[in-house]
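For the sequence shown, this note's numbering gives the first residue as -4, with consecutive numbering after it.
The beta carbon of each residue, even a glycine, is placed where N, CA and C say it ideally should be.
Written below as structure tokens is the structure these notes are about.
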Amino acid sequence: MSEKESCPKPKQHPAHMCQLKHEGRIEEIDKHSARPKFVCNRCRAKADEEDYLCNPRSL
-4 MSEKESCPKP
6 KQHPAHMCQL
16 KHEGRIEEID
26 KHSARPKFVC
36 NRCRAKADEE
46 DYLCNPRSL
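See the structure below:
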């Protein structure tokens, strides 16, 4: 992962959508993206809460 793509919150990264996807944790992804309000500026994942994204912005 390049510096541009690296997570600015590495301690929280194991719960971020990109890591959940990488690990194949589909049920958790579905649980945290049922009503997305945020999108990640790095990986474009969508989530209900910004805490599940590395670089979130509102939809």
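Within this structure, are the beta carbons of residue i and residue j separated by less than 7 Å?
{"i": "A40", "j": "C13", "result": "yes"}
{"i": "L15", "j": "V34", "result": "no"}
Give me the Cβ distance between residue i and residue j, rounded to the nearest whole Å; I'm assuming they're in contact under 8 Å.
{"i": "C49", "j": "K6", "result": "Going by Cβ atoms, the distance from C49 to K6 rounds to 12 Å, so no, they are not a contact pair."}
Roughly how many whole angstroms lie between the Cα atoms of residue i and residue j?
{"i": "H8", "j": "H27", "result": "14 Å"}
{"i": "A29", "j": "E22", "result": "11 Å"}
{"i": "I24", "j": "S1", "result": "20 Å"}
{"i": "H17", "j": "E44", "result": "19 Å"}
Any C-beta of chain D sitting closer than 7 Å to the C-beta of residue i?
{"i": "P31", "result": "Protein chains in the displayed structure number just one, and chain D is not present."}
Next item on the list: With a floor of 4 residues, list each alpha helix (DSSP H) that falls wholly inside the region -1 to 41, ordered by position along the chain.
Entry: Runs of the alpha helix (DSSP H) lying entirely within the region -1 to 41, each at least 4 residues long, are 12 to 17 and 21 to 27 in chain order.
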